[in-house]
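Read through the structure below, which is laid out as structure tokens, and then see the notes.
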Amino acid sequence: MSVRVRFAPSPTGQVHIGNIRAAIFNWLFARHEGGSFLLRIEDTDQQRSTPEAIATLLEVMQWLGLDFDEEALYQSSQRQKHLQAAEKLRSLGHVYSDGPDAASQAMVFRIPWQAEELCEGIQEQGAMRMKIHPEQPVQISHKGLRFAAVSKKGAAVPDSACLAGFKNLQVYDSEGRQIFVLQEHIEEILRDGRQFSLENAVELRFTRRSISYVDQVKGEMSKPLDSMRDLVIVRGDGSPVFHPANVVDDISQAVTHIIRGDDHVENSFRHLLLFACLGAKPPVYAHLPMIVNAAGKPYSKRDGDAFVGEFRDKGFLPHTLFNYLSLLGWSPGDDREKMSREELVQAFSLQRCLHSSAQVDIVKMGALNALYIAEMEPGEFVAQCREFVQHLPWGKELDEDYFAKVCAFMQSRLKRFVDVEQWQYFFGEDYQRDEKFCGKQLSDDNTLAALKALQEKLAALPEFSAANIEASIHEASDEFNIRRGRLNQPIRAAVTGIGTGAGIYETLELLGKEKSIARLNLSAK
RNA sequence: GUCUCCAUCGUCUAGGGGUCUAGGACACCGGGUUUUCAUCCCGGCAACAGGGGUUCGAAUCCCCUUGGAGAUGCCA
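If you read the first sequence in this note's numbering, its first letter stands for residue 1, the second for the next number, and so on.
Structure representation (structure tokens):
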């Protein structure tokens, strides 16, 4: 059977960086395997899932080149299926009702008592003895166990777990007497809803069962059933929750591999049970490590740089983001970093994904971006710069030829398109100056005198060309006993106000005689 | 608290018992590219979290400790 993976975001208006990373890995895997990459829009939250939010999502995917196969599935359209699945589970005896009052009863999926008969990957782990606190009676019913665990300090901490976690349960009291044997009552508990409340219980003895599966990136994963709880699948108001919706849609879309963030591992254990109880073959799971921000913390909305749109607005190229993100938590195994889409597809494998979380380094991403910017077609580069300059006060009306020349000078020096704002000195007198840099460069009297002399030489130039400008600068340097080249940064400070830019001779030529001289004058005073 | 997972330079990573005095990249610091900015090139700084095992031999396997993350919702 061919591979089918899906990207299943909730459209919330912004596309989270962690989500899109998962999308990229799914896409890479699908393309590598020659399978299908499906899109499922989990739009059941009607508050946030606006048409605008969905449009943003689709636009971001297109921007990144994440083309999907088949038609996008809108989860809200599947509601009846989700409910039908819940009813099916009820008819098979896997569901009970629970809730504060008769009017709002939720449907709760009971982790099946006969787990090993229904679901692959259930194993007995041997005998367990669990100390519990006698302060609270142990309550046993078809809804599971309620008891008080004992904290390190000896205090009672209320806990609960699913019934299926306690195969062969025997409860002992403080005198060491066996006061309850689950095997003797399991029928009446499950069938008749009988409940037990046991006082003075201090120990639970049972056979631990665990559920396990082989994760394609993390390897063998396992969780004891006694650490799991039954889960609500339909709310008291009749709406299905995430779990059945997700599983049912994965069955509908015949998804073979689920590649998602680490934060879903616990859900996967539960979902495995749901797949099994619905009679479906479970998919293969792969959990990706999370990506974290520069502070090493998980990305949250308020950190900034949490959304794809922010990277685009800063002037990162789509392929930079694609390439960089694909290298977070994965590597091709050799020294390649700058990789084309084709190379990434070719090299990708889940087995080479890492197990630990990765921190985004915006500086390194900038370096990668610079590489991609440097190899852009000049025309395309100019157009892109034009777009970013458009929003700036000085960027509305520009001489196109002049702008193109500036672009040509600056292409190899640009890391992000937002940085075009630093080109302001080419277009007017109202530019930002790096005072610290300028102060340092323009403090020496001899240097200032040389700049003054340079003005006259430049003014006398018949042709204001880079070559002539260079010659004049050399003359001025020689006259004032300044090593050739040492005058360049002071000139740059006077004329551009910042320490980095294009070649200074070319910059002056482009700026023109009048402006160049005027700026030297201003600073030389 | 409990459960699950994770741990190599500041960061992203290579590394599947010997070829590791641990390689690459970004950042940083020097130097070079007929004396500037950038590119490019060369060089430098810098890591196996700690402790026990297993083994002739451990960054690699096991255990413990510590640290981190996630989960413990009628959120998704």
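Ideal Cβ placement from N, Cα and C applies to all residues, glycine included. Note that this is a predicted model, so its numbers are computed, not measured.
*Please list the segments of the beta strand (DSSP E) lying wholly inside the region 465-502, counting only runs of 3 or more residues, in order along the chain.*
none
*How far does the beta strand (DSSP E) with G379 in it reach, from first residue to last?*
Walking along the first sequence from the start, residue 379 turns up at place 379. DSSP places G379 in no beta strand (DSSP E) but in the uninterrupted alpha helix (DSSP H) bounded by P378 to V389.
*Counting only the same chain and skipping the five closest in sequence on each side, list residues whose C-beta sits under 6 Å from that of L182.*
Against the first sequence, residue 182 aligns to sequence position 182. Closer than 6 Å at Cβ, skipping near neighbours: L169.
_Quick check on the DSSP output: the alpha helix (DSSP H) that includes F180 runs from which residue to which?_
Taking the first residue of the first sequence as position 1, residue 180 is located at position 180. Per DSSP, F180 belongs to no alpha helix (DSSP H); it is in the beta strand (DSSP E), Q178 to V181.
*For E124, which option in H133, P51 and D226 has the closest C-alpha, if you only look at C-alpha atoms?*
Working through the first sequence from its first residue, we reach residue 124 at position 124. When each option's Cα is compared against that of E124, the closest is D226.
*What's the call for K525, buried or exposed, on a 16-neighbour Cβ count within 10 Å?*
By 1-based counting over the first sequence, the position of residue 525 is 525. A caution first: K525 carries a pLDDT of 41, below 50, which makes its placement in the model unreliable, though a value can still be read off. Classification of K525: exposed, given that the 10 Å Cβ count is below 16.
*Span of the alpha helix (DSSP H), counted from its first residue to its last, around I24*: The residue you call residue 24 lines up with position 24 of the first sequence. Unbroken alpha helix (DSSP H) run through I24: I17 to E33.
*Is the region 272-279 touching the region 114-130 in the sense that three or more CB pairs, one from each, lie closer than 8 Å?*
yes
*Report the residue from E380, T500, I259 and A85 whose alpha carbon sits nearest the alpha carbon of L28.*
As a working note, residue 28 is residue 28 in the first sequence. Minimum Cα distance to L28 is reached at I259.
*Report the three-state DSSP secondary structure of L458 (helix, strand or coil).*
For this step, residue 458 is matched to residue 458 along the first sequence. Reduced to three states, the DSSP call for L458 is helix.
*Apart from the five residues just before and just after D249, which ones in its own chain have a Cβ nearer than 7 Å to its Cβ?*
Residue mapping note: residue 249 aligns to position 249 of the first sequence, counting from 1. Contacts found: R40, L73, Q75 and Q78.
*For the beta strand (DSSP E) containing M128, list its first residue and its last residue.*
Stepping through the first sequence from its first residue, residue 128 is reached at position 128. Going by DSSP, M128 is part of the beta strand (DSSP E) stretching over I122 to K131.
_Beta-carbon spacing of S222, K81 below 8 Å_ = Taking the first residue of the first sequence as 1, we reach residue 222 at position 222. Taking the first residue of the first sequence as 1, we reach residue 81 at position 81. No, Cβ-Cβ distance for S222 and K81 is not below 8 Å.
*Would you say G315 and F388 are within 8 Å of each other, going by their C-beta atoms?*
Counted from its first residue, the first sequence places residue 315 at position 315. Counted from its first residue, the first sequence places residue 388 at position 388. Going by C-beta atoms, G315 is nearer than 8 Å to F388.
*For V406 versus W394, is the C-beta distance shorter than 8 Å?*
If you number the first sequence from 1, residue 406 lands on position 406. If you number the first sequence from 1, residue 394 lands on position 394. No; because the gap between Cβ atoms is not below 8 Å, this pair is not in contact.
*K152 to H355 span [Cα, whole Å]*: Counted from its first residue, the first sequence places residue 152 at position 152. Counted from its first residue, the first sequence places residue 355 at position 355. Here the alpha carbon of K152 sits roughly 31 Å from the alpha carbon of H355.
*Alpha carbon of H16 to alpha carbon of S349, nearest angstrom*: Residue mapping note: residue 16 aligns to position 16 of the first sequence, counting from 1. Residue mapping note: residue 349 aligns to position 349 of the first sequence, counting from 1. S349 has its alpha-carbon roughly 23 Å from the corresponding atom of H16.
*asked:* Can you tell me whether M1 is buried or exposed? The criterion is at least 16 other CB atoms within 10 Å of its CB, across all chains shown.
replied: For this step, residue 1 is matched to residue 1 along the first sequence. The residue is exposed, with fewer than 16 neighbouring Cβ atoms inside 10 Å.
*So E184 and P137 are in contact, right, with Cβ under 8 Å, and what is the actual spacing, rounded?*
Within the first sequence, numbered from 1, the residue matching residue 184 stands at position 184. Within the first sequence, numbered from 1, the residue matching residue 137 stands at position 137. The Cβ separation is near 19 Å, so there is no contact.
_Option nearest Q359 by Cα separation, candidates A408, A295, G366 and D334_ = Residue mapping note: residue 359 aligns to position 359 of the first sequence, counting from 1. Of the candidates A408, A295, G366 and D334, the one whose C-alpha sits nearest the C-alpha of Q359 is A295.
*Hey, E203 and M130: beta-carbon distance below 8 Å or not?*
Locating residue 203 in the first sequence gives position 203, counting from the first residue. Locating residue 130 in the first sequence gives position 130, counting from the first residue. Result yes, Cβ atoms of E203 and M130 sit closer than 8 Å.
*asked:* Using only CA atoms, which one of D98, A102, L92 and A103 lies nearest to W113?
replied: Within the first sequence, residue 113 is the residue found at index 113, counting from 1. Of the listed residues, the one whose Cα sits closest to W113 is L92.
*Reduced DSSP secondary structure (H/G/I, E/B, other) of D226*: Locating residue 226 in the first sequence gives position 226, counting from the first residue. Reduced to three states, the DSSP call for D226 is helix.
*Over the uninterrupted alpha helix (DSSP H) stretch that includes D419, give me the two end residues.*
Numbered from 1 along the first sequence, position 419 holds the residue referred to as residue 419. Here D419 belongs to no alpha helix (DSSP H), and DSSP marks it neither H nor E.
*Can A459 and L487 be called in contact, C-beta distance under 8 Å?*
Translated into the one-based positions of the first sequence, residue 459 becomes position 459. Translated into the one-based positions of the first sequence, residue 487 becomes position 487. No, the pair does not count as a contact, with Cβ atoms beyond the cut-off.
_Run of the beta strand (DSSP E) containing T207, from where it starts to where it stops_ = Reading the first sequence from its first residue, position 207 is the one you call residue 207. Its beta strand (DSSP E) spans residues A201 to D215.
*asked:* Would G366 and D434 qualify as a contact pair, given that the criterion is a beta-carbon distance under 8 Å?
replied: Here residue 366 corresponds to residue number 366 of the first sequence, with the count starting at 1. Here residue 434 corresponds to residue number 434 of the first sequence, with the count starting at 1. Not in contact: G366 and D434 (Cβ atoms no closer than 8 Å).
*When burial is assigned at 16 or more other CB atoms within 10 Å of the CB, is V495 buried or exposed?*
Locating residue 495 in the first sequence gives position 495, counting from the first residue. Burial call: buried.
*asked:* Need the endpoints of the alpha helix (DSSP H) that D249 sits in, please.
replied: Within the first sequence, residue 249 is the residue found at index 249, counting from 1. Run containing D249: F242 to S252, per the alpha helix (DSSP H) assignment.
*Leaving out five residues on either side along the sequence, give the residues of the same chain with a beta carbon under 6 Å from the beta carbon of A518.*
As a first step, residue 518 is located in the first sequence; it is residue number 518 there, counting from the start. So the list is empty, once near-sequence residues are dropped.
*State buried or exposed for A102, treating a residue as buried only when at least 16 other CB atoms are found within 10 Å of its CB.*
Stepping through the first sequence from its first residue, residue 102 is reached at position 102. Its Cβ having fewer than 16 others within 10 Å, A102 is exposed.
*Confirm, please, whether the CB-CB distance from Q178 to Q139 is below 8 Å.*
Locating residue 139 in the first sequence gives position 139, counting from the first residue. Locating residue 178 in the first sequence gives position 178, counting from the first residue. Cβ atoms of Q139 and Q178: not closer than 8 Å.
_Could you check whether G261 and G439 sit closer than 8 Å to each other, using their CB atoms as the reference points?_
Residue 439 sits at position 439 when you count from the first residue of the first sequence. Residue 261 sits at position 261 when you count from the first residue of the first sequence. No, these two residues do not count as a Cβ contact at 8 Å.
*State the Cα-Cα distance for the pair V232 and S97, rounded to the nearest angstrom.*
For the purposes of this step, residue 232 is taken as the residue at position 232 of the first sequence. For the purposes of this step, residue 97 is taken as the residue at position 97 of the first sequence. Cα-Cα distance, rounded: 9 Å.
*Name the residue from E475, K396, F307 and Q105 whose alpha carbon lies nearest to the alpha carbon of G428.*
Here the question's residue 428 lines up with position 428 in the first sequence. When only C-alpha atoms are compared, the closest one is K396.
*Which of helix, strand or coil DSSP assigns to L273*: Taking the first sequence and counting its residues from 1, the one referred to as residue 273 is at position 273. Helix at L273.
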